[in-house]
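The structure under discussion appears below in the form of structure tokens.
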Amino acid sequence: MAAYERHEGKVVRDIKVHNDVFEGTDYKKQNNGLRMVLFYTTCVLVLVLASYGGLYVEKGNLHDGLLNNDAEMMKDGINFDKLNRTILAQMPGILDEVKKDPNDKYSASMDVVVNSPKLQVTTDNLVDLMVKAGFVKGSSGSYEFVDVSWNTTSWAYNRVSVILTSEENPELKMTINIAKDGSLLIWRVVGVVMSKTMLDKVLS
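With this note's numbering applied, the sequence shown covers 73 to 276.
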């Protein structure tokens, strides 16, 4: 019987680290740098869309609401309660001096009538007021905006202010304040400041 020779085997173990390339497999080295860039870029895009995406909706509602004379779309783009408060503050005569009779024992509780024009903006008269102000032209069923320049004066995560100026008459100018209204995603017009020329046209 032939002698049996026993050969000692040598165990070779290669320890692979996490990002090593394994031969014979489809496993590839991960690019963690690229993954982090994509992750943070996605986060920034989501944040921007959540913060300012509603502006496009508001602008669309305001634009289409006026041109189509659609009350519901106007309400979606404008907070009429806040809008009317800012307009009321611009009415001439509202700061006129009021004189009371010092001898009248009811003077402290008397009603004071201020001789100033009244202007209440509603969905029913907004389009007519914009036509009168010179920012919209046309008649029922066929409205269009005049050429205007749009300049952003301030920009924040919850408020944007822009100045609209008529190209035909630069004296016709108004500042529109757009802000988040009742929700992080909803933007509406909450105020407007008119130039003296525009205010005179609206009140005439």
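In this text, a Cβ means the ideal position worked out from N, Cα and C, and glycines have one as well.
Closest to SER211 by CA distance: which of LYS131, LEU139 and ASN104 is it?
LEU139
If you compare alpha carbons, which of MET146, LEU127, GLU240 and LYS131 is closest to LEU256?
LEU127
PHE217 by DSSP, collapsed to three states: which one?
strand
For the alpha helix (DSSP H) containing GLY149, list its first residue and its last residue.
143–149
Have a look at MET246, THR269 and VAL264 and flag the residue whose alpha-carbon is nearest the alpha-carbon of THR158.
VAL264
For THR269, collect the residues of the same chain with a Cβ closer than 8 Å to its Cβ; drop the 5 residues on either side in sequence, then sort them by chain order.
Shown here for THR269: same chain residues with a beta carbon closer than 8 Å to its own, the five before and five after excluded, namely ASN241, GLU243, LEU244 and LYS245 in chain order.
Are LYS147 and VAL262 touching if we call contact CB-CB under 9 Å?
Contact flag unset, no.
For THR225, count neighbouring Cβ atoms within 10 angstroms of its own Cβ and tell me buried if that reaches 16, exposed if not.
exposed
Hey, out of LEU275, ASN230, SER238 and LEU236, whose CA is closest to ARG260's CA?
ASN230
Have a look at LYS131, VAL109, PRO164 and ILE235 and flag the residue whose alpha-carbon is nearest the alpha-carbon of VAL220.
Per the C-alpha coordinates, the member of LYS131, VAL109, PRO164 and ILE235 positioned closest to VAL220 is ILE235.
Within the continuous alpha helix (DSSP H) that includes VAL203, where are the two ends?
198–205
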